[in-house]
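In what follows, a single structure is set out as structure tokens and then discussed.
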Amino acid sequence: MATLHVLSHSPFSDSRFASCLRLLGPQDGLLLSGDAVYALQPDTNQLQALQLMPASIALYALEEDMQARTLAAPERTQVVDYPGFVELCTRYAKVNSWL
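Each residue of the sequence shown is one higher than the last, beginning at 1261 in my numbering.
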């Protein structure tokens, strides 16, 4: 059963980011929002970990949060707006928010 994992906390503040990556299944998706988009900063271990995920795992980032932090999305990342976020929630069988 495919799950959309939603991370909103900084990947530098605690272990949620690493824990989430370990639990991702082959058909899951990962949506970065809020401070979690900092994982997409160039030349970081977090971005390298995201780039090493299997290609079957979709990577998304919330457009508004990318713009607020003046970050550019790496090639693999699909940027979505709020309607796209809602659509993603309906596309996956489950949604897991990493609070």
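For every residue, glycine included, the Cβ atom is placed at its ideal position computed from N, Cα and C.
Here the structure is a predicted model, which is why all the values come from computation and not from measurement.
(message) So Glu1323 and Val1340 are supposed to be a Cβ contact under 8 Å. How far apart are they, rounded?
(response) 6 Å
* Where are the beta strand (DSSP E) runs, 3 residues long or more, that stay fully inside the region 1281-1317, in chain order? -> 1289-1292
Practice problem: Grab me the residues of Arg1276's own chain with a C-beta within less than 6 Å of its C-beta, minus the 5 sequence neighbours each way, in chain order. | Solution: His1269 and Trp1358
- Message: Looking only at its chain, what residues have a beta carbon closer than 8 Å to the beta carbon of Cys1349, apart from the 5 residues adjacent to it on each side?
- Response: Leu1264 and Val1355
Asp1274 beta carbon less than 8 Å from that of Gly1294: no
Practice task
Put Leu1319 into one of helix, strand or coil per three-state DSSP.
Solution key: strand
For Glu1335, which option in Ala1353, Gln1327, Tyr1342 and Leu1310 has the closest C-alpha, if you only look at C-alpha atoms? Leu1310
With Leu1264 as the anchor, note down where its beta strand (DSSP E) starts and where it stops. Thr1263 to Leu1267
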